[in-house]
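Enquirer:
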Amino acid sequence: MKKLIFMTILYAFIILVGCDKQITNNPDQQYSQTPTDKRELISESPSNQNQDSSGDKNSETKWLSFSFENFKKERQFVKEHHKDEIRDIEDGKMGNDKVVNIGIASEDINNDGVREVIAILSNRYYSSSQANAALGVYIINNEKVERYIPLTGIFVDTSNIEKQSEIGIVYSKIRDWADFVINGKRLVWDGTGYVNESKNQKDNVEKSFVPIIYPMNTCAALVGGIQDNKWISADLFEQLSGNSETDKREFCQRIVGGEKYKFYSIDKEIGEFEGQKVVEENGPGEWFSVGYTPTLENGLEAIGICGDWNALPRIPTIQKENTEQYESAVNDVLTDRGLGSVPAVIKQAISVDLDGNGTEEVLINATNIDYSKNKFAEENTYSFIILQENVGGKDKSFVITENYYKETNENEPVLYNTVPFIVDANGDGKMEVVTKSEYYEGFSLNFYEMNNGEALHVITFGLGA
Ligand SMILES: [Ca+2]
Ligand SMILES: [Ca+2]
Ligand SMILES: [Ca+2]
Numbered sequence: 199m200k201k202l203i204f205m206t207i208l209y210a211f212i213i214l215v216g217c218d219k220q221i222t223n224n225p226d227q228q229y230s231q232t233p234t235d236k237r238e239l240i241s242e243s244p245s246n247q248n249q250d251s252s253g254d255k256n257s258e259t260k261w262l263s264f265s266f267e268n269f270k271k272e273r274q275f276v277k278e279h280h281k282d283e284i285r286d287i288e289d290g291k292m293g294n295d296k297v298v299n300i301g302i303a304s305e306d307i308n309n310d311g312v313r314e315v316i317a318i319l320s321n322r323y324y325s326s327s328q329a330n331a332a333l334g335v336y337i338i339n340n341e342k343v344e345r346y347i348p349l350t351g352i353f354v355d356t357s358n359i360e361k362q363s364e365i366g367i368v369y370s371k372i373r374d375w376a377d378f379v380i381n382g383k384r385l386v387w388d389g390t391g392y393v394n395e396s397k398n399q400k401d402n403v404e405k406s407f408v409p410i411i412y413p414m415n416t417c418a419a420l421v422g423g424i425q426d427n428k429w430i431s432a433d434l435f436e437q438l439s440g441n442s443e444t445d446k447r448e449f450c451q452r453i454v455g456g457e458k459y460k461f462y463s464i465d466k467e468i469g470e471f472e473g474q475k476v477v478e479e480n481g482p483g484e485w486f487s488v489g490y491t492p493t494l495e496n497g498l499e500a501i502g503i504c505g506d507w508n509a510l511p512r513i514p515t516i517q518k519e520n521t522e523q524y525e526s527a528v529n530d531v532l533t534d535r536g537l538g539s540v541p542a543v544i545k546q547a548i549s550v551d552l553d554g555n556g557t558e559e560v561l562i563n564a565t566n567i568d569y570s571k572n573k574f575a576e577e578n579t580y581s582f583i584i585l586q587e588n589v590g591g592k593d594k595s596f597v598i599t600e601n602y603y604k605e606t607n608e609n610e611p612v613l614y615n616t617v618p619f620i621v622d623a624n625g626d627g628k629m630e631v632v633t634k635s636e637y638y639e640g641f642s643l644n645f646y647e648m649n650n651g652e653a654l655h656v657i658t659f660g661l662g663a
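And the structure:
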């Protein structure tokens, strides 16, 4: 049942690993870095962030103080955002209570150095059995509300709203977004909005074991996953920090069959599949396969995650044309790597809000290699992936993975890098970037987790035939 690709395995990956070493030691043929763990800041504009003058962020609740006088400009943004309902209330269409009181507080909720507006709108219109006011976080950009995040379930003492202790925030050590404390209940950020903490804790228990598989024809390769909140690479040859062979074998043994996997392409959920027991494959290398049903539609490239959350909380947008705006970032890398005279070619740009902070990141796939025609080195060719983030209004770029070829060499297979998936593989609300490096008839998959503006390499897996 297994195709040839399953039979002689990891042999080429051993070559691949060996080749990386050659690459590094052979500047005549190639220069720059191995594809797997390279990330480098190539440009950073001065940031205009203001650090909170209160200094260290601790885990104490900070009770918010809402002002009904100050923050005139911010109040205007909020009014503009709710203008239709406020007009109806003031016109008396919503009853006799025609005054909307708007209290404003200002804090950096998502840890990006820029303060958000937190507003409370008080009027009978906002009263129900679940709340007696409207409360929300407003992300302001270009003088208007770019994103409104409602916070539900607030009951405030409307007669003494400026001196309240019903609404507080707690800066989180594990998430960029602060937790909210509302009437004694904790709300935590789940990547798209604020949810009740108890729901989230239940999810965390389920996340202590998450296999991730890469389907190929009738069988999938076990790529790695999560075990006891640690990333695991199932590849027995590759060692990322804190990833022992014992951990890997224990991880594999826990996959007993009957696991439910959701399969994802880069921009959609494909469906649910059932996985079988893990099988250790023999050959020139060792790897683990997982059978699955039903059959995946032919030619679809997917990643399977055994978890019940939505691993595509935000859908990536793929842009293949009109990518000129990203050329300067590509030219900066080419110049820095000594290929300044080689034209920038952008195969695609993928934009998505990786960390869920309301601003989009962009992955730029730059290559002048026509991989369908030639898999061997040609003079002045390259394949690299840049991550561009917007921090405090300024673009900042990192190279995630890169390969360059200075001279034509018919015996030297090229490494060709793409971004086949962007998924939240561990269910923390932040999406990981998955790169694929193809090499002759082998490939590796690499997962990068975004953490405070850095791309941490968390899973690596290689396979060859
Ligand atoms: Ca902020
Ligand atoms: Ca973002
Ligand atoms: Ca994640």
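Terminal number for the sequence shown in the numbering used here: 663, no gaps in between.
Backbone N, C-alpha and C define an ideal beta-carbon position, used for all residues, glycine too.
Could you pull out every residue in the same chain whose Cβ sits closer than 7 Å to the Cβ of residue 509, ignoring the five residues on either side in sequence?
Expert: Translated into the one-based positions of the sequence shown, residue 509 becomes position 311. 460, 462, 503, 621, 622 and 623.
Enquirer: Determine contact between the region 558–570 and the region 375–386, defined as no fewer than three beta-carbon pairs at a distance below 8 Å.
Expert: With the cut-off at 8 Å, the region 558–570 and the region 375–386 do not touch.
Enquirer: Between the C-alpha atoms of residue 645 and residue 423, what's the straight-line distance to the nearest angstrom?
Expert: Here residue 645 is taken as the residue at index 447 of the sequence shown, counted from 1. Here residue 423 is taken as the residue at index 225 of the sequence shown, counted from 1. Cα-Cα distance, rounded: 10 Å.
Enquirer: Over the uninterrupted alpha helix (DSSP H) stretch that includes residue 273, give me the two end residues.
Expert: In the sequence shown, counting from the first residue as 1, residue 273 sits at position 75. First-last of the alpha helix (DSSP H) with residue 273: 270–279.
Enquirer: Below 8 Å, is the gap between the Cβ of residue 593 and the nearest heavy atom of ligand 2?
Expert: As a position in the sequence shown, residue 593 is number 395, starting the count at 1. It does not: the Cβ of residue 593 is nowhere closer than 8 Å to a heavy atom of ligand 2.
Enquirer: Let me check understanding here. Comparing Cα to Cα, which of 597, 618, 661 and 279 lies closest to residue 652?
Expert: By one-based count along the sequence shown, residue 652 stands at place 454. It is 597 whose Cα lies nearest to the Cα of residue 652.
Enquirer: For residue 586, count the other beta carbons within 10 Å of its own beta carbon; 16 or more makes it buried, fewer makes it exposed. Which is it?
Expert: Numbered from 1 along the sequence shown, position 388 holds the residue referred to as residue 586. Buried.
Enquirer: Assign residue 291 to one of three DSSP states: helix, strand, or coil.
Expert: Translated into the one-based positions of the sequence shown, residue 291 becomes position 93. Coil, per DSSP.
Enquirer: I'd like to check one pair, residue 272 with residue 338: are the Cβ atoms closer than 9 Å?
Expert: Residue 338 sits at position 140 when you count from the first residue of the sequence shown. Residue 272 sits at position 74 when you count from the first residue of the sequence shown. Against a cut-off of 9 Å, the Cβ pair of residue 272 and residue 338 comes out as a contact.
Enquirer: Which one of 618, 589 and 579 has the shortest CA to CA distance from residue 605?
Expert: For the purposes of this step, residue 605 is taken as the residue at position 407 of the sequence shown. Minimum Cα distance to residue 605 is reached at 579.
Enquirer: Residues with a Cβ closer than 7 Å to any heavy atom of ligand 3, in chain order?
Expert: This criterion selects 622, 623, 624, 625, 626, 627, 628, 629, 630 and 647.
Enquirer: Using 8 Å as the cut-off, can you tell me whether the region 528–540 makes contact with the region 485–497, which would need three or more C-beta pairs spanning the two stretches below that distance?
Expert: The region 528–540 vs the region 485–497: no contact.
Enquirer: Between residue 300 and residue 288, what straight-line distance do the alpha-carbon atoms span, to the nearest angstrom?
Expert: Within the sequence shown, numbered from 1, the residue matching residue 300 stands at position 102. Within the sequence shown, numbered from 1, the residue matching residue 288 stands at position 90. One C-alpha to the other measures close to 13 Å.
Enquirer: Consult DSSP for residue 524 and reduce its assignment to one of helix, strand or coil.
Expert: Position 326 of the sequence shown, counting from 1, holds the residue named residue 524. Three-state DSSP puts residue 524 in a helix.
Enquirer: Would you call the region 330–350 and the region 269–284 in contact, with 3 or more CB pairs under 8 Å?
Expert: Verdict: yes, contact present.
Enquirer: Spatial neighbours of residue 567 within its chain, please: C-beta separation below 7 Å, excluding the five flanking residues on both sides.
Expert: The sequence position of residue 567 within the sequence shown is 369, counting from 1. 579, 581, 612 and 614.
Enquirer: What number of angstroms, rounded off, separates the C-alpha of residue 211 from the C-alpha of residue 619?
Expert: Looking up residue 211 in the sequence shown gives position 13. Looking up residue 619 in the sequence shown gives position 421. Legend: pLDDT at residue 211 = 39, less than 50; position of this residue unreliable, no value from coordinates given.
Enquirer: Is residue 312 near ligand 1, judged by its Cβ being under 8 Å from some heavy atom?
Expert: Locating residue 312 in the sequence shown gives position 114, counting from the first residue. Yes; taking the cut-off as 8 Å, the Cβ of residue 312 has a heavy atom of ligand 1 nearer than that.
Enquirer: Which complete beta strand (DSSP E) runs does the region 587–640 hold, if anything under 3 residues is left out?
Expert: Within the region 587–640, the complete beta strand (DSSP E) runs of at least 3 residues are 592–603, 607–611, 613–621 and 630–637.
Enquirer: Does the region 520–527 touch the region 469–483, meaning 3 or more C-beta pairs lie closer than 8 Å?
Expert: Because the criterion of three Cβ pairs below 8 Å is not met, the region 469–483 and the region 520–527 do not touch.
Enquirer: On the premise that residue 308 lies in contact with residue 374, defined as a C-beta separation below 8 Å, what is that separation, rounded to the nearest angstrom?
Expert: Position 176 of the sequence shown, counted from the start, is the residue given in the question as residue 374. Position 110 of the sequence shown, counted from the start, is the residue given in the question as residue 308. Indeed, because the Cβ distance is near 5 Å, the residues count as touching under 8 Å.
Enquirer: If you draw a straight line from the C-alpha of residue 223 to the C-alpha of residue 442, how long is it?
Expert: On the sequence shown, position 25 is the one that residue 223 refers to. On the sequence shown, position 244 is the one that residue 442 refers to. The pLDDT assigned to residue 223 is 29, lower than 50, so where the model puts this residue is not dependable; a value taken from the coordinates is nonetheless given after this. Looking at the two C-alpha atoms, the distance is approximately 28 Å.
Enquirer: Below 7 Å CB to CB, which residues in the same chain sit around residue 427 once its five sequence neighbours on both sides are set aside?
Expert: Numbered from 1 along the sequence shown, position 229 holds the residue referred to as residue 427. The answer, listed in chain order, is 406.
Enquirer: Just to confirm, does residue 390 get its C-beta within under 8 Å of one of the non-hydrogen atoms of ligand 2?
Expert: As a working note, residue 390 is residue 192 in the sequence shown. Residue 390 Cβ: outside cutoff for every heavy atom of ligand 2.
Enquirer: Using the beta-carbon count (16 or more within 10 Å), is residue 363 buried or exposed?
Expert: If you number the sequence shown from 1, residue 363 lands on position 165. Residue 363 is exposed by the Cβ-count criterion.
Enquirer: Return the first residue and the last residue of the beta strand (DSSP E) that residue 517 is part of.
Expert: Position 319 of the sequence shown, counting from 1, holds the residue named residue 517. Here the beta strand (DSSP E) through residue 517 covers 515–517.
Enquirer: Taking the C-alpha atoms as reference points, what is the distance between residue 255 and residue 627?
Expert: If you number the sequence shown from 1, residue 255 lands on position 57. If you number the sequence shown from 1, residue 627 lands on position 429. Its pLDDT being 42, under 50, residue 255 is placed unreliably in this model, and the coordinates cannot settle the point.
Enquirer: Give every residue of the same chain whose Cβ lies closer than 8 Å to the Cβ of residue 278, excluding the five residues on either side of it in the sequence, and list them in chain order.
Expert: In the sequence shown, the residue the question calls residue 278 occupies position 80. The residues are 342 and 343.
Enquirer: Under 6 Å Cβ to Cβ from residue 259, same chain only, skipping five residues before and after it: list those, please.
Expert: By one-based count along the sequence shown, residue 259 stands at place 61. Correct list, in chain order: 366, 368 and 379.
Enquirer: Is residue 558 close to ligand 2? I mean its beta-carbon at under 8 Å from any heavy atom of the ligand.
Expert: To locate residue 558, count along the sequence shown from 1; it is residue 360. Yes, since a heavy atom of ligand 2 falls inside the 8 Å radius drawn around the Cβ of residue 558.
Enquirer: Taking just the CA atoms, how far does residue 600 sit from residue 236?
Expert: Numbered from 1 along the sequence shown, position 38 holds the residue referred to as residue 236. Numbered from 1 along the sequence shown, position 402 holds the residue referred to as residue 600. Because the pLDDT at residue 236 is just 35, under 50, the model does not fix this residue reliably, and the point stays unresolved.
Enquirer: Between the C-alpha atoms of residue 448 and residue 408, what's the straight-line distance to the nearest angstrom?
Expert: Residue numbering aside, residue 448 sits at position 250 when the sequence shown is read from its first letter. Residue numbering aside, residue 408 sits at position 210 when the sequence shown is read from its first letter. Looking at the two C-alpha atoms, the distance is approximately 13 Å.
Enquirer: Taking just the CA atoms, how far does residue 352 sit from residue 292?
Expert: The residue given as residue 292 occupies position 94 in the sequence shown. The residue given as residue 352 occupies position 154 in the sequence shown. When rounded, the distance between both Cα atoms is 21 Å.
Enquirer: Alpha carbon to alpha carbon, how far is residue 329 from residue 350?
Expert: As a working mapping, residue 329 is identified with position 131 in the sequence shown. As a working mapping, residue 350 is identified with position 152 in the sequence shown. Answer to the nearest angstrom: the Cα atoms are 7 Å apart.
Enquirer: Any idea if residue 453 is buried or exposed, counting beta-carbon neighbours within 10 angstroms, 16 or more meaning buried?
Expert: Working through the sequence shown from its first residue, we reach residue 453 at position 255. It counts as buried.
Enquirer: Report yes if the CB atom of residue 346 is closer than 9 Å to the CB atom of residue 283, and no otherwise.
Expert: Indexing the sequence shown from 1 puts residue 346 at position 148. Indexing the sequence shown from 1 puts residue 283 at position 85. Result no, Cβ atoms of residue 346 and residue 283 do not sit closer than 9 Å.
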